[in-house]
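Asks:
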Ligand SMILES: [Zn+2]
């Protein structure tokens, strides 16, 4: 599942943290997660706040340093 729904962008001198609306691959509920773009391409696990299942996020930056895609998948896939 590819998410490209950018909800909010927060920038300051050192951090570029964006809030992205994602859909849980387990229960299908939508919630907001934050991605720190200054960390580059990244993979991290965050528990769904609804069903508490571990969701694996893969964030990929585009050539402008902006979020190109954010993938949310089940941890065991
Ligand atoms: Zn869930």
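Numbering (the numbering used here), first residue to last: 54 to 130.
Even for Gly, the Cβ is constructed at its ideal location relative to N, Cα and C.
(1) Based on the DSSP output, what are the partners of residue 74 in its beta bridges?
(2) If you draw a straight line from the alpha carbon of residue 69 to that of residue 121, how long is it in whole angstroms?
(3) Excluding sequence positions up to five away, which residues of its chain have a Cβ less than 8 Å from the Cβ of residue 128?
(4) Skipping 5 residues on each side, what residues in its chain have a beta carbon closer than 6 Å to that of residue 111?
(5) Where do the ends of the beta strand (DSSP E) carrying residue 100 lie?
Replies: According to the structure data:
(1) Along the chain shown, read from residue 1 onward, the residue named residue 74 stands at position 21. Its beta-bridge partners are 85.
(2) Within the chain shown, the letter at position 16 stands for residue 69. Within the chain shown, the letter at position 68 stands for residue 121. Distance between the alpha carbons of residue 69 and residue 121: 14 Å.
(3) Locating residue 128 in the chain shown gives position 75, counting from the first residue. The answer, listed in chain order, is 98, 106, 107, 108, 109.
(4) Here residue 111 refers to the residue found at position 58 of the chain shown. The beta carbon of residue 111 is closer than 6 Å to those of 96, 124 in its chain, skipping five residues each way along the sequence.
(5) For the purposes of this step, residue 100 is identified with residue 47 of the chain shown, where counting begins at 1. Per DSSP, residue 100 belongs to the beta strand (DSSP E) from 95-100.
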